[in-house]
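**Q** Under the working numbering, read the sequence shown as residues 16 to 349, first letter to last.
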Amino acid sequence: MAHTITLIPGDGIGPEVADATRRVLEASGVKIEWEVHNAGAAVAEKRGTTLPDEVLESVRRNKVALKGPIGTPIGKGFRSVNVTLRQALDLYANVRPIRSLPGVEPRFEGTDIVIVRENTEDLYAGLELMIMPGVAQSIKLITERACARICEYAFDYAEKMNRKRVTVVHKANIMKLSDGLLLEVFRKVAMRFPRIEPAEVIVDACALQMVKNANKLDVIVTENLYGDILSDLGAGLVGGLGIVPGANIGISSAVFEAVHGTAPDIAGKGIANPTALVQSAVMMLHHLGEHTAATKIEKGLLATFQSGVRTADLSGTAGTEDFTRALCDAIGRA
Ligand code: ATP
């Protein structure tokens, strides 16, 4: 049976990496019917919005979307597509696997962790005020409900993906009420998942540990701001934003996306690295239960990197087309 999936190629290098990813998925044998929609800077001027209604309707209907990087025209009053999608679909869990690829950043070879970031509250709730001239206040909003669903998601993910441990990252020694609430909920949720070992680490110690011995953390669950910072640290460990995937998961829909930007400096030059979006597509296949096709692509990616085929951002000489062809061939052999 074919899956119907919304594809938002995006801006800048988006269409190039989206096209490469479609070909890679096809090579894996999975059957997908795409509903292709434009969003972002490409439609903003014409349609007066970065996210036309039919795009949101398509994601709601299909429940799964694959999205390239999207630009928001700055200073023209347009809302970010990413923020709008996240709010409209209540995509509460941001999931970022951080895994090394052969030959890329050899200092961190063997890194394999997953960051599960709460996506809807914390300092991102937008609750800021000037108490008086010269004194600003930002409100860190943490609710029991959001803590419970993100912790449940992390433990559930750990069980499904055969992980051993979930580490909650917090600063409850300082923020006793807000981060303390996360910790309290985490401990309760952990009791319902006896096969997964729970662990607790303070955010600064976590940053150190990620560089020294990341794998001990296994699956990290954390609040919005810590998750934002640690995700980029994680991306840096394994070769940068050009290769790490991401997913935004809600109760009824999920959006899989490249976490890098539109890279206007290289758009249209045929040198973009499609790995990040390809790896996001692998996450999408696991989400759809298409584990065989997902594993084929994972093996193909490993073989391609092992053979030394790399794009310019990873000091290689392959263009997007060379890399995609090598990857599709490797998937054929996987
Ligand atoms: P935006 O404004 O959309 O965030 P940006 O250029 O500020 O775009 P990124 O798109 O993340 O931010 O790019 C940062 C740098 O990384 C750029 O030099 C870009 O060319 C490079 N880069 C990002 N993604 C890729 C990719 N997939 N392949 C190759 N290079 C990439």
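Every residue, glycine too, gets a C-beta built ideally from N, C-alpha and C.
#1: Below 9 Å between beta carbons: does that hold for K82 and V270?
#2: Could you please give me the residues that DSSP links to T21 through a beta bridge?
#3: For the ligand ATP, is there a heavy atom less than 8 Å away from the beta-carbon of I244?
#4: Return the first residue and the last residue of the alpha helix (DSSP H) that R111 is part of.
#5: Are the segment 259-276 and the segment 102-111 in contact at 8 Å, needing three or more beta carbon pairs?
#6: Going by the beta-carbon positions, is the gap between A42 and L342 smaller than 9 Å?
#7: Looking at C-alpha atoms only, which residue of H275, K231, E48 is the closest neighbour of G125?
#8: Does the contact criterion of 3 or more C-beta pairs under 8 Å hold for the segment 166-177 versus the segment 126-142?
#9: Run through the segment 159-217 for me and flag every whole alpha helix (DSSP H) of 4 or more residues, listed as ranges in chain order.
#10: Taking 8 Å as the cut-off, is the C-beta of V98 nearer than that to any heavy atom in the ligand ATP?
#11: Where I157 and E136 are concerned, what is the direct C-alpha to C-alpha distance, given to the nearest angstrom?
#12: Closer than 8 Å is the cut-off here; do at least three beta carbon pairs connect the segment 244-260 with the segment 144-155?
#13: Helix, strand or coil for A333, going by three-state DSSP, please let me know.
#14: Could you tell me which whole beta strand (DSSP E) segments of length 3 or greater appear in the segment 128-154?
#15: By Cβ distance below 6 Å, which residues in the same chain neighbour A33 in space, the five residues on each side in sequence not counted?
#16: For the segment 116-125 against the segment 295-311, are there 3 or more C-beta pairs whose distance is under 8 Å?
#17: Would you mind sorting T65 into buried or exposed? The rule is 16 or more other CB atoms within 10 Å of its CB.
#18: Using a 10 Å radius around the Cβ and a threshold of 16 neighbouring Cβ atoms, would you call R122 buried or exposed?
#19: Taking only three categories from DSSP, how would you classify V297?
#20: Along the chain, where does the alpha helix (DSSP H) containing N239 start, and where does it finish?
#21: Let me know if R101 comes out buried or exposed under the rule of 16 or more other beta-carbons within 10 Å of its beta-carbon.
#22: Do you know how far the Cα of I47 is from the Cα of Y241?
#23: Which residues in the same chain have their Cβ closer than 6 Å to the Cβ of G195, if we skip the five residues on either side of it in sequence?
#24: Looking at chain C, is there any beta carbon in it that lies within less than 9 Å of the beta carbon of D26?
#25: Report the rounded CA-to-CA distance for V216 versus N97, giving the unit in angstroms.
#26: Between V39, R62, V184, T19, which lies nearest to R75 when the distance is taken from Cα to Cα?
#27: Please name the residue or residues paired with L156 in a DSSP beta bridge.
#28: Buried or exposed: which applies to S295, given that a residue is buried once 16 or more other Cβ atoms fall within 10 Å of its Cβ?
**A** Taking the structure as given:
#1: Here residue 82 is taken as the residue at index 67 of the sequence shown, counted from 1. Here residue 270 is taken as the residue at index 255 of the sequence shown, counted from 1. Closer than 9 Å, so yes.
#2: By 1-based counting over the sequence shown, the position of residue 21 is 6. Answer is E50, A80, bridged to T21.
#3: Along the sequence shown, read from residue 1 onward, the residue named residue 244 stands at position 229. No, the Cβ of I244 stays beyond 8 Å of every heavy atom of the ligand ATP.
#4: As a first step, residue 111 must be located in the sequence shown, where it is residue number 96. First-last for R111: 108-114, but that is the beta strand (DSSP E), not the alpha helix (DSSP H).
#5: yes
#6: By one-based count along the sequence shown, residue 42 stands at place 27. By one-based count along the sequence shown, residue 342 stands at place 327. Yes; because the gap between Cβ atoms is below 9 Å, this pair is in contact.
#7: As a working note, residue 125 is residue 110 in the sequence shown. For G125, the closest C-alpha among the options H275, K231, E48 is that of K231.
#8: The segment 166-177 is in contact with the segment 126-142.
#9: 159-175, 193-205
#10: Mapped onto the sequence shown, residue 98 falls at position 83. The answer is no for V98.
#11: As a working mapping, residue 157 is identified with position 142 in the sequence shown. As a working mapping, residue 136 is identified with position 121 in the sequence shown. Roughly 6 Å separates the two Cα atoms.
#12: no
#13: Counted from its first residue, the sequence shown places residue 333 at position 318. Strand, per DSSP.
#14: 143-147, 150-153
#15: Walking along the sequence shown from the start, residue 33 turns up at place 18. Cβ within range, chain order: P24, G83.
#16: no
#17: Here residue 65 corresponds to residue number 50 of the sequence shown, with the count starting at 1. Looking at its Cβ environment, which holds 16 or more other Cβ atoms inside 10 Å, T65 is buried.
#18: Taking the sequence shown and counting its residues from 1, the one referred to as residue 122 is at position 107. R122 is exposed by the Cβ-count criterion.
#19: Position 282 of the sequence shown, counted from the start, is the residue given in the question as residue 297. The answer is helix: DSSP assigns V297 an H, G or I state.
#20: Within the sequence shown, residue 239 is the residue found at index 224, counting from 1. According to the DSSP assignment, N239 belongs to the alpha helix (DSSP H) that extends over 239-252.
#21: Against the sequence shown, residue 101 aligns to sequence position 86. Looking at its Cβ environment, which holds 16 or more other Cβ atoms inside 10 Å, R101 is buried.
#22: Taking the sequence shown and counting its residues from 1, one reaches residue 241 at position 226. Taking the sequence shown and counting its residues from 1, one reaches residue 47 at position 32. Answer to the nearest angstrom: the Cα atoms are 35 Å apart.
#23: For this step, residue 195 is matched to residue 180 along the sequence shown. These residues qualify, in order along the chain: A187.
#24: Chain labels in this structure do not include chain C; a single protein chain is all it has.
#25: As a first step, residue 216 must be located in the sequence shown, where it is residue number 201. As a first step, residue 97 must be located in the sequence shown, where it is residue number 82. Spanning the alpha carbons of V216 and N97 requires a straight line of approximately 29 Å.
#26: Start at 1 with the first residue of the sequence shown, and residue 75 comes out as number 60. Selected option, being the one with the closest Cα: T19.
#27: Taking the first residue of the sequence shown as 1, we reach residue 156 at position 141. D137, per the DSSP bridge assignment.
#28: Taking the first residue of the sequence shown as position 1, residue 295 is located at position 280. It is buried - the Cβ of S295 has at least 16 other Cβ atoms within 10 Å.
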